[in-house]
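K.L.:
In my numbering, the protein residues as written are 1 to 514. My questions all concern the structure below.
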């Protein structure tokens, strides 16, 4: 079951908004998403619309609105135990932080996005787009190896979901890799990558699939060809003429930057270097599109063609200095420990210190006990019928003893994914503590709860534990109880938990099917 299958309101509008953004019509998508946000009462639809709205704002380059949009999307996503949403939101937040120049926050969001997207139990086309946006964020931060890995993940998931290969061609990733090489003095390496990008486009043209490429991809292919021409390569053919390609890209701010800089490249390639320099004096492009060094490097190339070698040398030194400053900033981010802190024991202690204030379990990504209690209180207060289930792992102590606590953590993460995967729409899953999980089944009776228990037990039994913790079988015992009215709310919840816990302990003593 994909993410949108769990959204109950305005799914057609949300699907159409996605299609508009894929077609580089983000302004239209933004208007549609604002309408969904104003009119929906479905928390999942609201969260999806807010995540998409952030994507539209990034595409449109409306930097001043990023912070508010991230805060609102984070609040909407926080209480939804859906790894895809958390992953995609963090990928977009990484892009936004990069455009705002906040590299520490950018790296933090990158790590969180990769973890959340990697935890999606049933990846679908939306998960593929999450990996795509994460790849873009990696690329803009010059983590080219990570970017290529993430876009390949997006491509594979996309193919499984029926998305054509060319949708995730992502020439912009290799383009940024190429210009980064040139900024650091490796023009031959730059040309090798640009030629590979051109060969990729030629393959799509020969196969008759170039018409399926996204407008933003066409703009990136166009700039790659124009940049290759500016460095002296012959590139133009009727089907891949750079001037035509860079005219694509719709209302994307990045596409506008590529068009402006692409015209500079084409002026150089056409033997009009003075015009190219004049264009550079007037263009206004974001430093984040191709790096702050790109205009200076293009100025150097143009001045060299014009014969002003002294001025060209000065421009080249500026480009190299700007590229070095960027590399130093990235190095400092890591030395200061943003990425390292997330995995470091100090971060674990800090997370534990604030665990009482947090609402998400940092290991599994599920809601924690605090958020569980809030959720149950809200459901019961509304007068809804609700059943609580306590799930306790069998064999978990042996896992920790034989394989260590790291393997124990992997088992807990796997169990969280298994339980989430078999839940029905509207059910709530939380990690209660240790190896104990709680499921909440709104508007459900005990007969339906027994069926849910059978599904969970079967899914856990069929999981390949032998490959994860060899020789140590893992099972689950489950007990359910209905929250009854009458006495005070706190007493009713306490009684239900105690009863569910007793039923779970009885389940542990019953013989299991082999």
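No residue lacks a Cβ here, since even glycine has one placed at the ideal position from N, Cα and C. It should be emphasised that the depicted structure is a prediction, and the values quoted were computed from it without experimental measurement.
1) If you draw a straight line from the alpha carbon of residue 88 to that of residue 73, how long is it in whole angstroms?
2) Would you report the Cα separation of residue 186 and residue 195, rounded to the nearest angstrom?
3) If you follow the beta strand (DSSP E) that residue 431 is part of, which residue opens it and which one closes it?
4) Starting from the C-beta of residue 501, find all residues in its chain whose C-beta is less than 6 Å away, skip the five residues before and the five after it, and write them out in chain order.
5) With a Cβ-Cβ cutoff of 8 Å, do residue 295 and residue 280 count as a contact?
6) Along the chain, which unbroken stretches of the beta strand (DSSP E) at least 3 residues long are found entirely within the region 418-477?
7) Between the Cα of residue 380 and the Cα atoms of 57, 484 and 92, which residue gives the shortest distance?
8) Residue 412: which of 430, 258 and 190 sits nearest, CA to CA?
9) Which full runs of the alpha helix (DSSP H) of 4+ residues lie inside the region 382-408, going along the chain?
10) For residue 221 and residue 11, I'd like the C-alpha separation in whole angstroms.
11) Go through the region 221-285 residue by residue and report every complete run of the alpha helix (DSSP H) that reaches 4 residues or more, in order.
12) Only counting the same chain, and skipping five residues up and downstream in sequence, which positions put a Cβ closer than 7 Å to that of residue 17?
13) Given a threshold of 16 other Cβ atoms within 10 Å of its Cβ, counted over all protein chains shown, does residue 55 qualify as buried or as exposed?
14) By how many angstroms is the C-alpha of residue 372 removed from the C-alpha of residue 505?
15) Less than 8 Å between the C-beta atoms of residue 408 and residue 399, yes or no?
16) Counting only the same chain and skipping the five closest in sequence on each side, list residues whose C-beta sits under 8 Å from that of residue 181.
17) Once you ignore the five residues that flank residue 339 on each side, which residues in its own chain have a CB closer than 7 Å to its CB?
18) On a Cα-Cα basis, can you pick out the residue from 271, 452 and 428 that is closest to residue 368?
19) Could you check where the alpha helix (DSSP H) with residue 179 kicks off and where it finishes?
20) Note the first and the last residue of the continuous alpha helix (DSSP H) segment covering residue 34.
21) In this structure, how does DSSP classify residue 350 when only helix, strand and coil are distinguished?
22) What residue from 76, 20, 35 and 40 has the CA that sits closest to residue 59's CA?
23) Nearest by alpha-carbon distance to residue 264: which of 253, 251, 288 and 305 is it?
24) Mind checking residue 274: buried by the 16 CB within 10 Å criterion, or exposed?
25) Any chance the region 130-138 sits against the region 84-103, with 3 or more Cβ pairs inside 8 Å?
26) When we look at the beta-carbon of residue 457 and count the other beta-carbons within 10 Å, is it buried (16 or more) or exposed?
27) Report, in whole angstroms, the separation of the C-beta atoms of residue 154 and residue 216, which I expect to be a contact under 8 Å.
28) In this structure, what does DSSP give as the bridge partners for residue 482?
29) Just reading off the alpha helix (DSSP H) that residue 74 is part of, what are its end residues?
30) What residue from 360, 481 and 466 has the CA that sits closest to residue 453's CA?
31) Rounded to whole angstroms, what's the CA-CA distance from residue 335 to residue 104? Just pull it up for me.
32) Among the candidates 494, 226, 360 and 229, whose CA atom is the shortest distance from the CA of residue 77?
33) Taking 8 Å as the cut-off, decide whether the C-beta atoms of residue 303 and residue 319 are in contact.
34) Rounded to the nearest angstrom, what separates residue 63 and residue 284 at their Cα positions?
35) Please confirm if the region 141-155 is in contact with the region 168-183, defined as three or more CB-CB distances below 8 Å between the two stretches.
P.N.:
Result, derived from the coordinates:
1) In the chain shown, residue 88 corresponds to position 88, counting from 1. In the chain shown, residue 73 corresponds to position 73, counting from 1. Cα to Cα, residue 88 sits roughly 11 Å from residue 73.
2) For the purposes of this step, residue 186 is taken as residue 186 along the chain shown, with counting starting at 1. For the purposes of this step, residue 195 is taken as residue 195 along the chain shown, with counting starting at 1. Cα atoms of residue 186 and residue 195: separation of roughly 14 Å, rounded to the nearest angstrom.
3) By one-based count along the chain shown, residue 431 stands at place 431. Here the beta strand (DSSP E) through residue 431 covers 428-433.
4) On the chain shown, position 501 is the one that residue 501 refers to. Excluding sequence neighbours, residue 501 sits near 390.
5) Working through the chain shown from its first residue, we reach residue 295 at position 295. Working through the chain shown from its first residue, we reach residue 280 at position 280. The criterion of a C-beta distance shorter than 8 Å is satisfied by residue 295 and residue 280.
6) Whole beta strand (DSSP E) segments, 3+ residues: 428-433 and 436-442.
7) Within the chain shown, the letter at position 380 stands for residue 380. Closest in alpha carbon position to residue 380, among 57, 484 and 92, is 484.
8) To locate residue 412, count along the chain shown from 1; it is residue 412. Of the listed residues, the one whose Cα sits closest to residue 412 is 430.
9) Unbroken alpha helix (DSSP H) runs of no fewer than 4 residues, entirely contained in the region 382-408, are found at 396-403, following chain order.
10) On the chain shown, position 221 is the one that residue 221 refers to. On the chain shown, position 11 is the one that residue 11 refers to. Taking the straight line from one Cα to the other gives about 33 Å.
11) List check, alpha helix (DSSP H) in window: 242-245, 253-269 and 273-282.
12) In the chain shown, the residue the question calls residue 17 occupies position 17. Closer than 7 Å at the Cβ level, and outside the excluded window around residue 17, lie 29, 32, 33 and 52.
13) As a position in the chain shown, residue 55 is number 55, starting the count at 1. Under this definition residue 55 is a buried residue.
14) By one-based count along the chain shown, residue 505 stands at place 505. By one-based count along the chain shown, residue 372 stands at place 372. Note on geometry: alpha-carbon atoms of residue 505 and residue 372 lie some 21 Å from one another.
15) Reading the chain shown from its first residue, position 408 is the one you call residue 408. Reading the chain shown from its first residue, position 399 is the one you call residue 399. In contact: residue 408 and residue 399 (Cβ atoms closer than 8 Å).
16) For the purposes of this step, residue 181 is identified with residue 181 of the chain shown, where counting begins at 1. If you ignore the 5 residues before and after residue 181, its C-beta comes within less than 8 Å of the C-beta of 187, 189, 190 and 193, all in its own chain and listed in chain order.
17) Position 339 of the chain shown, counted from the first residue, corresponds to residue 339. Any answer about residue 339 is weak, because its pLDDT of 46 lies below 50 and its placement is not dependable; what the coordinates show is given next. Excluding five sequence positions before and after residue 339, the CB atoms of its chain that fall closer than 7 Å to its own CB belong to 107 and 111, given in chain order.
18) As a first step, residue 368 is located in the chain shown; it is residue number 368 there, counting from the start. Of the residues 271, 452 and 428, the one whose Cα lies closest to the Cα of residue 368 is 428.
19) One-based indexing of the chain shown puts residue 179 at position 179. If you look at residue 179, you'll find it in the alpha helix (DSSP H) that goes 171-183.
20) Within the chain shown, residue 34 is the residue found at index 34, counting from 1. Note, residue 34: alpha helix (DSSP H), 26-39.
21) If you number the chain shown from 1, residue 350 lands on position 350. Confidence in residue 350 is poor, its pLDDT being 49 and thus under 50, which makes the residue's placement unreliable; the coordinate value appears in the next sentence. DSSP places residue 350 in helix when its eight states are reduced to three.
22) Indexing the chain shown from 1 puts residue 59 at position 59. Minimum Cα distance to residue 59 is reached at 20.
23) Counting from one through the chain shown, the residue named residue 264 turns up at place 264. The shortest C-alpha separation from residue 264 is found at 305.
24) One-based indexing of the chain shown puts residue 274 at position 274. So residue 274 counts as exposed.
25) Contact between the region 130-138 and the region 84-103 is present, because at least three Cβ pairs lie under 8 Å.
26) Translated into positions along the chain shown, residue 457 becomes position 457. Residue 457 counts as buried, since no fewer than 16 other beta carbons sit within 10 angstroms of its beta carbon.
27) Indexing the chain shown from 1 puts residue 154 at position 154. Indexing the chain shown from 1 puts residue 216 at position 216. Not a contact, Cβ separation roughly 14 Å.
28) If you number the chain shown from 1, residue 482 lands on position 482. Answer is 387.
29) Your numbering for residue 74 matches position 74 in the chain shown. Element bounds for residue 74: 66-77.
30) Numbered from its first residue, the chain shown carries residue 453 at position 453. Answer by Cα proximity: 481.
31) Here residue 335 refers to the residue found at position 335 when the chain shown is read from its first residue. Here residue 104 refers to the residue found at position 104 when the chain shown is read from its first residue. With a pLDDT of 40 at residue 335, under the threshold of 50, the modelled position of that residue is not reliable, and the figure given next carries that caveat. When rounded, the distance between both Cα atoms is 11 Å.
32) As a first step, residue 77 is located in the chain shown; it is residue number 77 there, counting from the start. Comparing Cα positions, the closest option is 360.
33) Along the chain shown, read from residue 1 onward, the residue named residue 303 stands at position 303. Along the chain shown, read from residue 1 onward, the residue named residue 319 stands at position 319. Contact flag unset, no.
34) Here residue 63 refers to the residue found at position 63 of the chain shown. Here residue 284 refers to the residue found at position 284 of the chain shown. Rounded to whole angstroms, the separation of the alpha carbons of residue 284 and residue 63 is 15 Å.
35) When C-beta atoms of the region 141-155 are compared with those of the region 168-183, three or more pairs fall below 8 Å, so the two segments count as touching.
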